[in-house]
Structures are given as C-alpha cells and as structure tokens.
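In our numbering, the protein residues as written are 52 to 152. Backbone N, C-alpha and C fix where the C-beta goes; we use that ideal spot for every residue, glycine too. From a predicted model like this one, the values you see are computed outputs, not experimental measurements. Only one structure is covered here, and it is reproduced in the block below.
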C-alpha cells in the first residue's frame, strides 16, 4: 500500500488507479496460456460458445471471422438453441444435411 507523507508523518492511503489499455495491445502481449484464460472467461460469461472455439487458431493467430462466416455461425446458434421448435421435416433436413459432411 502506498505511503503518503503529511507533515513528515507517514500516512497510509488507499489509492485507486485506472488504466486505459487497448484490447488489441493487451491481447498482443498475452502468451498462449493467457489467451486460453481469456477464451475460458468469454465462454463462462456467455460471450462465446465452446462449439465455435478452435483453440489452436485462437492461441496462435487470433484470426478474425469473415462476415459471411459469422452470419452462418449465428444462424447455426439459433438452430442449436431452438432445436425443439423445429418441425420433424426441418429437423430431418438438417440431420440429413449434416450427414453429407
């Protein structure tokens, strides 16, 4: 804890300091294990889903997802979370489509 001197008498004080750090600068300085911690935090707090994480890509390159790819992933998320609202025909179509790959 910092000590402040007042009239040559040490006085302990609690100090709050705010830092403005750019996210990119912070992440650029992280090593692989720290990036893994960031990814875990994002998952635990509902910002990303585990199914969209390729740890090797995230840890080594931090690549950005193309806009059309992001739209596709978001569409899959909607289906993933609303699967019980699909008709049998829709469900069958998706299952058969997935079997092709």
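- Excluding its 5 nearest sequence neighbours in each direction, residue 119 has no C-beta neighbour in its own chain below 7 Å.
- Taking C-beta separations shorter than 7 Å and ignoring five residues to either side along the sequence, the partners of residue 128 in its chain run 100, following chain order.
- Assigned with DSSP and collapsed to three states, residue 67 falls in coil, not helix or strand.
- Residue 93 and residue 141 have their C-alpha atoms some 31 Å from each other.
- When DSSP states are grouped into helix, strand and coil, residue 146 belongs to the helix group.
- Judged by DSSP secondary structure, residue 73 falls outside any alpha helix (DSSP H); it is assigned neither H nor E.
- Taking the CA atoms as reference points, residue 130 sits about 11 Å from residue 123.
- 8 Å or more divides the Cβ of residue 90 from the Cβ of residue 81.
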